[in-house]
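To start, the structure itself, in structure tokens.
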């Protein structure tokens, strides 16, 4: 991920209601939960559902009409459970129906989490929460894509779409995370091999996909590691299992999203439509790509 929107400042002091402003804030034109794409990019939907949305009849009544042969798709009798898309021609009792398709693009924020902030809304100790820094939504709420412990900094994604959040966190998708870890001491070849082959932790084996030397001076040494799951404190625990101390840990990438070097700690920036579409596995509309390029040139 190469570019995001202009970084936004934290919206007010921690633990107090924020007064967000700008395009990503409450009251903004995208505060209703997403940005619409043209209907040609909508996924096929079940016929009885899409017809019910037009107000012709209820879903059950439409299913009865399908069984009775009163509904056709592209000139052929419709079937119960059949899916239709924006280009299909649907007729009810011989009359063409204007189907109402729409698709909303989720909103996604990239936040540079500082050390000392927790990824929770409720904390008995009253510690600063990452949610205190985010813009307000008119509807719904921000969902954190995974977690970072209080002593870990770096990239943390948020979305207003629960399905997207689940897709990005679910182990079966094997989405890679990249971290910069500063160790007290250096890894030897045997330790590197063990971390790649797998370390047995109390909640099961864990392994790094890659380990790259990041250099360092004195007792501290940096490494860049990648991993395809996100168990609690997993990176720290892997190093600790070999008797190594992690003095600093920062996440720099989540899947295709790399933290922008312009993004300061405690600030967020909103991803554009093309980036969100790619992240969510949705088609990218050509006009969104063209508009994104224009915005980049304008900033440059």
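In the numbering used here, the protein residues as written are 1442 to 1741.
All C-beta atoms in this analysis are idealised placements derived from N, C-alpha and C, irrespective of residue type, glycine included.
query, result
"CB contact flag (residue 1559, residue 1545, <8 Å)", "no"
"The beta strand (DSSP E) enclosing residue 1531, as first and last residue numbers", "1531–1533"
"Distance CB(residue 1512)-CB(residue 1521) smaller than 8 Å", "no"
"DSSP bridge partner residues for residue 1585 (one or two, in chain order)", "1599"
"Three-state secondary structure (DSSP) of residue 1674", "coil"
"Candidates 1526, 1687, 1557 and 1629: closest to residue 1594 by CA position", "1557"
"Residue 1705 and residue 1553 closer than 8 Å at C-beta", "yes"
"Between the CA atoms of residue 1526 and residue 1536 - distance to the nearest angstrom", "18 Å"
"Nearest to residue 1586 (by Cα), restricted to the options 1579, 1574, 1609 and 1548", "1609"
"8 Å Cβ cutoff met for residue 1549 and residue 1717", "yes"
"Residue environment, residue 1509, which counts as buried when at least 16 other CB atoms sit within 10 Å", "exposed"
"Same chain, Cβ closer than 8 Å to residue 1598, neighbours up to 5 away in sequence not counted", "1549, 1550, 1551, 1552, 1585, 1586, 1587, 1609, 1695 and 1698"
"Min CB distance residue 1720 to chain B below 8 Å", "The question asks about chain B, but that chain is absent: this structure has only one protein chain."
"Among 1651, 1669 and 1685, the one whose alpha carbon lies nearest that of residue 1660", "1685"
"Three-way DSSP call (helix, strand, coil) for residue 1697 in this model", "coil"
"Residue 1621 vs residue 1655 beta-carbon contact at 8 Å", "yes"
"Cβ pair residue 1693, residue 1596 closer than 8 Å", "yes"
"Identity of the residue in 1534, 1680 and 1492 nearest residue 1631 by Cα", "1680"
"Buried or exposed by the 16-neighbour rule on C-beta atoms within 10 Å, applied to residue 1602", "buried"
"Cβ shell of residue 1503 (< 8 Å), same chain only, five flanking positions each side left out", "1488, 1489, 1492, 1493, 1497 and 1512"
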